[in-house]
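Participant: I'd like to ask some things about the structure below.
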Ligand SMILES: [Zn+2]
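Numbering (our numbering), first residue to last: 2 to 484.
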């Protein structure tokens, strides 16, 4: 386990995860985390420029000047994010017989957030500068006595609590009875309908409930592109285990499984760390916690937290609702509350991680001996928005266009494909920039020999492959490719 150099000093401000403590603690740690050796590998300017140019992410409502903390995913970004979510869902739900899916509503009964602690304690400390009137998160200030915007000293108000939940109202009456919140996390939807799920699915611990969905947090200072945002998507697994002494083993198994997941989709090991929380950093009821962090160009950023939360969440809902959410153990003839092991990952952050991690700027030497620069995204084939691009060598030769289009139509039901035509060198560069692992070229020889050129994105090697054998070739190349 990689350990943060300041873990012990950050520990003093830990709050329970569901009370927003993680953000406070992690961000504090991030501010002082040493920059890695990758800070020249890629900058956030490289990423944001590429994202806009190629259609991964755009500012939300850009024609009106944008809105801080909200982002849109473009034609390629929406597919990229969907692939990331599908990869999580496949590994966490589809490949397991002990995890079921769930999809709860965004707006829930307001008492949910009372029980979870969000109403009373989900806040950040906020200060205002009395001189320039700007507002800051207290824990973000480098110097708590000097305004970073106007430079005034001792100009801050006393820190005060700011609840991060977004409010809305239900129905036509604007009174307190109609007031509700957009959920700040998806987990509570699982807890409050926990009994319906396990009874209908006929499950008993150990078993899990998984959900991917939107959550909302009124971040005071959104930033770092799509990393700290006000509307985001979470993938959460709530895994319930009996209190029979195996809970820590099961916790470690989930940590190992999540580690394997990132590795299997090619995230560089040296830019990922699994930070084990100290007892001081964990909420009082939690038995263990591991944060998954990635080394972004600005420093370490949290992608996921894996936590052993004991019976805290179900206990809280049982206490406020008065409903019994316990299991009945047939063998022991008694009721018990299962322990909870949770994995909670941010899908926007993970999508950004795939983009940043895949990025490489290379200097390549052409056949003519001239060197040039290429930008390439080394996406895993399952993550790549486009898997196979098919080109016609010349756009003004109908037999080439027809041949290429026929191949693309054959491959389309099996792979994510794209057809294009024109200058092959330029087409390669474009596909490299969006991370397409394989490009096929239909040329004059193809008309004679029934073969196309297959070009590999990473090695830039080219191979002639029979058109009849393409499906098997591509399947083999993609399932065998590590990255
Ligand atoms: Zn100021």
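Even for Gly, the Cβ is constructed at its ideal location relative to N, Cα and C.
Quick one, are the C-beta atoms of residue 487 and residue 86 less than 8 Å apart?
Facilitator: Given that the chain is displayed from residue 2 to residue 484, the structure contains no residue 487 and the question cannot be resolved.
Participant: Rounded to whole angstroms, what is the Cα-Cα separation between residue 24 and residue 194?
Facilitator: Below a pLDDT of 50, predicted positions are generally treated as unreliable, and residue 24, at 33, falls in that range; the measurement from the model is reported next regardless. Approximately 27 Å, taken between the alpha carbons.
Participant: Can you grab the Cα-Cα spacing for the pair residue 457 / residue 389, in whole Å?
Facilitator: As the crow flies, the alpha-carbon of residue 457 is around 10 Å from that of residue 389.
Participant: Answer with buried or exposed for residue 148, where buried requires no fewer than 16 other C-beta atoms within 10 angstroms of its C-beta.
Facilitator: buried
Participant: Taking C-alpha atoms, which residue in 126, 150 and 153 lies nearest to residue 140?
Facilitator: Comparing Cα-Cα distances from residue 140 to each of 126, 150 and 153, the minimum goes to 126.
Participant: Along the chain, where does the beta strand (DSSP E) that runs through residue 375 open and close?
Facilitator: Run containing residue 375: 372 to 378, per the beta strand (DSSP E) assignment.
Participant: Just to check my reading of the structure: residue 291 and residue 256 have Cβ atoms closer than 8 Å, yes? What is that Cβ distance to the nearest angstrom?
Facilitator: About 5 Å separates the two Cβ atoms, so the contact holds.
Participant: Does DSSP put residue 262 in a helix, a strand or coil?
Facilitator: helix
Participant: Can you name the start and end residues of the alpha helix (DSSP H) that residue 356 belongs to?
Facilitator: Residue 356 -> alpha helix (DSSP H) spans 348 to 359.
Participant: Here's the rule: buried if 16 or more other CB atoms are within 10 angstroms of the residue's CB, otherwise exposed. What is residue 135?
Facilitator: exposed
Participant: Would you mind reading off the limits of the alpha helix (DSSP H) that contains residue 406?
Facilitator: Its alpha helix (DSSP H) spans residues 399 to 412.
Participant: Which value, in whole angstroms, describes the spacing of the CA atoms of residue 96 and residue 105?
Facilitator: 22 Å
Participant: Leaving aside the five residues before and after residue 348 along the sequence, list all residues of the same chain whose C-beta is less than 8 Å from its C-beta, in chain order.
Facilitator: 82, 85, 86, 89, 213, 233, 234, 235 and 236
Participant: Using three-state DSSP, classify residue 477 as helix, strand or coil.
Facilitator: helix
Participant: How long is the line joining the alpha carbons of residue 131 and residue 142, rounded to whole angstroms?
Facilitator: 15 Å
Participant: Restricting to Cα atoms, I'd like to know which of 204, 216 and 157 is closest to residue 183.
Facilitator: Each of 204, 216 and 157 was checked against the Cα of residue 183, and the nearest Cα belongs to 216.
Participant: State the Cα-Cα distance for the pair residue 310 and residue 326, rounded to the nearest angstrom.
Facilitator: 16 Å
Participant: As a quick exercise: from 227, 189 and 120, pick the residue whose alpha carbon is nearest that of residue 163.
Facilitator: 120
Participant: Since residue 316 and residue 376 are thought to touch, with beta carbons under 8 Å apart, how far apart are those beta carbons, to the nearest angstrom?
Facilitator: The C-beta distance from residue 316 to residue 376 rounds to 52 Å, too long to fall under 8 Å, and the pair is not in contact.
Participant: Is the number of C-beta pairs between the segment 243 to 255 and the segment 361 to 375 that are closer than 8 Å three or more?
Facilitator: no
Participant: Whose C-beta lies closer than 8 Å to the C-beta of residue 91 among residues of the same chain, with five residues either side of it excluded?
Facilitator: none
Participant: Given the structure, does residue 144 come close to ligand 1, in the sense that its CB is under 7 Å from one of the ligand's heavy atoms?
Facilitator: no
Participant: How would you call residue 445, buried or exposed, if buried means at least 16 neighbouring beta carbons within 10 angstroms?
Facilitator: exposed
Participant: Rank 229, 42 and 383 by C-alpha distance to the C-alpha of residue 70 and give the top, closest one.
Facilitator: 229
Participant: Put residue 418 into one of helix, strand or coil per three-state DSSP.
Facilitator: Reduced to three states, the DSSP call for residue 418 is strand.
Participant: Could you check if residue 153 belongs to the surroundings of ligand 1, using beta carbon to heavy atom distance under 7 Å?
Facilitator: Yes; taking the cut-off as 7 Å, the Cβ of residue 153 has a heavy atom of ligand 1 nearer than that.
Participant: Using the rule of at least 16 other Cβ atoms within 10 Å of the residue's Cβ for burial, across every protein chain shown, is residue 41 buried or exposed?
Facilitator: exposed
Participant: Just verifying my parser: in three-state terms, what is the DSSP assignment at residue 213?
Facilitator: strand
Participant: Measuring only the C-alpha atoms, how far is residue 2 from residue 357?
Facilitator: Because the pLDDT of residue 2 is 35, which lies under 50, any placement of that residue in the model is unreliable, and the question is left without a value.
Participant: Taking its Cβ as the centre, do 16 or more other Cβ atoms sit within 10 Å of residue 383, making it buried, or is it exposed?
Facilitator: Here residue 383 is buried: its Cβ has 16 or more other Cβ atoms, across all protein chains shown, within 10 Å.
Participant: Measuring CB to CB, does residue 471 end up less than 8 Å from residue 412?
Facilitator: yes
Participant: Helix or strand or just coil, what does DSSP make of residue 467?
Facilitator: strand
Participant: For residue 366 and residue 392, I'd like the C-alpha separation in whole angstroms.
Facilitator: 23 Å
Participant: Specify the secondary structure class of residue 12 as computed by DSSP and reduced to three states.
Facilitator: Residue placement at residue 12 is flagged as unreliable, the pLDDT there being 28, under the threshold of 50; a coordinate-derived value is accordingly withheld.
Participant: Cβ of residue 130 versus every heavy atom of ligand 1: is any distance shorter than 7 Å?
Facilitator: yes
Participant: Relative to the C-alpha of residue 320, which residue among 102, 52, 117 and 56 is closest?
Facilitator: Residue 320 has its Cα closest to that of 117, out of 102, 52, 117 and 56.
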